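Just below is one structure, and these are the notes that go with it.
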Amino acid sequence: AYLLFAVDARRPFLAGLMLAWAFATRASLVLAAAFFYWQLVAPASGERFERKEQLKRFLLFSAPPLVAGVLLLWFNHARFENPMEFGHTYLAGGRMPRIRDFGLFHPAFFKRNLHAAFTLTPRIIDKAPYLQISKHGMSLFLTTPALLMLFRPKRWHRILAPTLLCLAATFGLILMYQNTGWVQFGYRFSLDFLPYVLILMAVTAPPVGRAFQGLILVGVLVNAVGAGGFGRRLLNPYTAEFACPEPVLESKKGE
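In this text, residue positions in the sequence shown follow my numbering: the first is 408, and each later residue adds one.
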């Protein structure tokens, strides 16, 4: 809804309201504001606003996120005596070694998150249920194979620049987060950036032919199996650390 209202900065207040609701539940989504501000300066339609109209739409959009942001900072201070603390530091009672050693965001988490997002696959075993899925999930290309059509770009459009900017900022932040998403069938943090991916697919992907339809159908079937079997005997998850080991400080290696 936010992106729909934000295109061409057509519904500034509603766009701001949708964004406020979004980042009130997931703080990293505040980065999506860049999409609206880009549209305000360089609309996808190519029709630019006069300065007075730009200012009006800027204020209408910015008001809801600003109010929500102030309330969140107050709420955080009331809970944790720190306006910038959203509670993640206290996961598992604040005893997680990776958070203690690296913090919530660190480049050391990049490799394991990239693996969880794109290259993590199930493994075949020699006893029932014969297939095991990591608790970290599996590759987006397995759960959503239609994404492979992004590698066959069709054309360029001016809306792609802000879309790619927000996609890179959001996904880049996620890749440095201390958690892969943990117990999941697919890479659940992709929900933060998939709306941008859908724009890319709508603009650049080839027409929905048989190959495209086939990939969509495979994705539906894979997720149907996941919905029915993940965490149950059918798809009993194997030990999470097997697929995505946690980073270790150089000073602690060999201990």
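For glycine and all other residues, C-beta sits at the position ideal for the given N, C-alpha and C.
Predicted, not measured: the structure shown is a model, and the values here were computed from it.
Legend entry - Short Cβ contact (8 Å threshold) for residue 566 with residue 604: Within the sequence shown, numbered from 1, the residue matching residue 566 stands at position 159. Within the sequence shown, numbered from 1, the residue matching residue 604 stands at position 197. Between residue 566 and residue 604, the gap from beta carbon to beta carbon reaches 8 Å or more.
Legend entry - Buried or exposed (CB count within 10 angstroms, at least 16 for buried), residue 542: Locating residue 542 in the sequence shown gives position 135, where the first residue counts as 1. Residue 542 should be labelled buried.
Legend entry - Beta-carbon proximity of residue 580 to residue 435, cut-off 8 Å: Numbered from 1 along the sequence shown, position 173 holds the residue referred to as residue 580. Numbered from 1 along the sequence shown, position 28 holds the residue referred to as residue 435. A contact, by the Cβ cut-off of 8 Å.
Inset, instruction - Report, in whole angstroms, the separation of the C-beta atoms of residue 547 and residue 575, which I expect to be a contact under 8 Å. - result: Taking the first residue of the sequence shown as position 1, residue 547 is located at position 140. Taking the first residue of the sequence shown as position 1, residue 575 is located at position 168. Going by Cβ atoms, the distance from residue 547 to residue 575 rounds to 16 Å, so no, they are not a contact pair.
Legend entry - Whole-angstrom distance between residue 638 and residue 538, CA atom to CA atom: Start at 1 with the first residue of the sequence shown, and residue 538 comes out as number 131. Start at 1 with the first residue of the sequence shown, and residue 638 comes out as number 231. In a straight line, the C-alpha of residue 538 is about 12 Å away from that of residue 638.
Legend entry - Alpha carbon of residue 634 to alpha carbon of residue 528, nearest angstrom: Counted from its first residue, the sequence shown places residue 634 at position 227. Counted from its first residue, the sequence shown places residue 528 at position 121. Going by C-alpha positions, residue 634 is about 17 Å away from residue 528.
Inset, instruction - For residue 505, I'd like the list of residues in its chain whose CB is within less than 6 Å of its CB, leaving aside the five on either flank, ordered along the chain. - result: Within the sequence shown, the letter at position 98 stands for residue 505. Close CB contacts of residue 505 within its chain, under the 6 Å cut and outside five residues either way in sequence, are with 585, 653 (chain order).
Inset, instruction - Write down the C-beta distance between residue 526 and residue 593 rounded to the nearest angstrom, noting that I regard them as a contact closer than 8 Å. - result: Your numbering for residue 526 matches position 119 in the sequence shown. Your numbering for residue 593 matches position 186 in the sequence shown. About 14 Å separates the beta carbons of residue 526 and residue 593, which is beyond the 8 Å limit, so they are not a contact pair.
Legend entry - Three-state secondary structure (DSSP) of residue 539: Looking up residue 539 in the sequence shown gives position 132. Reduced to three states, the DSSP call for residue 539 is strand.
Inset, instruction - Quick one: residues in its chain with C-beta nearer than 7 Å to the C-beta of residue 646, no 5 flanking neighbours on either side, listed in chain order? - result: Against the sequence shown, residue 646 aligns to sequence position 239. Confidence in residue 646 is poor, its pLDDT being 49 and thus under 50, which makes the residue's placement too unreliable to answer from.
Legend entry - Opposing strand residues paired with residue 548 [DSSP bridges]: Position 141 of the sequence shown, counted from the first residue, corresponds to residue 548. BP columns for residue 548 are empty, so no partner.
Legend entry - 8 Å contact criterion, which residue 412 and residue 425 should meet: CB distance rounded: Along the sequence shown, read from residue 1 onward, the residue named residue 412 stands at position 5. Along the sequence shown, read from residue 1 onward, the residue named residue 425 stands at position 18. The Cβ separation is near 6 Å, so the contact holds.
Legend entry - Assigned exposure category for residue 700 - 16 Cβ within 10 Å defines buried: Here the chain covers residues 408 to 662 and nothing more, so residue 700 does not appear.
Legend entry - residue 493 - DSSP class collapsed to helix/strand/coil: In the sequence shown, residue 493 corresponds to position 86, counting from 1. If DSSP states are grouped into helix, strand and coil, residue 493 belongs with coil.
Legend entry - For residue 452 and residue 514, the rounded distance between their alpha carbons: Sequence index remark: in the sequence shown, residue 514 carries index 107 (1-based). Sequence index remark: in the sequence shown, residue 452 carries index 45 (1-based). Distance from the CA atom of residue 514 to the CA atom of residue 452, rounded to whole angstroms, is 38 Å.
Inset, instruction - State yes or no: is the C-beta of residue 591 within less than 8 Å of the C-beta of residue 544? - result: Numbered from 1 along the sequence shown, position 184 holds the residue referred to as residue 591. Numbered from 1 along the sequence shown, position 137 holds the residue referred to as residue 544. Yes, Cβ-Cβ distance for residue 591 and residue 544 is below 8 Å.
Inset, instruction - Using alpha carbons as the reference points, say which of 432, 427, 416, 439 lies closest to residue 601. - result: For this step, residue 601 is matched to residue 194 along the sequence shown. Nearest neighbour of residue 601 by Cα position, chosen from 432, 427, 416, 439, turns out to be 439.
Legend entry - Coarse secondary structure for residue 646, derived from DSSP in three states: Walking along the sequence shown from the start, residue 646 turns up at place 239. Reliability fails at residue 646, whose pLDDT of 49 lies under 50, so the model's placement of it is uncertain and the value that follows must be treated cautiously. Three-state result, residue 646: coil.
Legend entry - Opposing strand residues paired with residue 594 [DSSP bridges]: Against the sequence shown, residue 594 aligns to sequence position 187. Beta bridge pairing from DSSP links residue 594 with no other residue.
Legend entry - Within 8 Å, strictly: CB atoms of residue 467 and residue 430: Looking up residue 467 in the sequence shown gives position 60. Looking up residue 430 in the sequence shown gives position 23. Here residue 467 is not near residue 430, since their CB atoms are 8 Å or more apart.
Legend entry - 8 Å Cβ shell around residue 437 - same chain, five flanking residues per side excluded: Within the sequence shown, the letter at position 30 stands for residue 437. The residues are 426, 430, 472, 476.
Legend entry - beta-carbon residue 536 near the ligand NAP non-hydrogen atom, thresh 7 Å: The model depicted lacks the ligand NAP and carries no ligand whatsoever.
Inset, instruction - Closer than 6 Å by C-beta to residue 577: which residues in its own chain qualify, once you throw out the five before and the five after it? Chain order, please. - result: Here residue 577 refers to the residue found at position 170 of the sequence shown. Once the five neighbours on either side are set aside, the close Cβ partners of residue 577 are 438, 599, 600.
Inset, instruction - Name the residue from 622, 490, 447 whose alpha carbon lies nearest to the alpha carbon of residue 557. - result: Taking the sequence shown and counting its residues from 1, the one referred to as residue 557 is at position 150. If we check each option's Cα against that of residue 557, 622 comes out closest.
Inset, instruction - Let me know if residue 445 comes out buried or exposed under the rule of 16 or more other beta-carbons within 10 Å of its beta-carbon. - result: Locating residue 445 in the sequence shown gives position 38, counting from the first residue. So residue 445 counts as buried.
Legend entry - Start and end residues, alpha helix (DSSP H) containing residue 435: If you number the sequence shown from 1, residue 435 lands on position 28. Per DSSP, residue 435 lies in no alpha helix (DSSP H) and is assigned neither H nor E.
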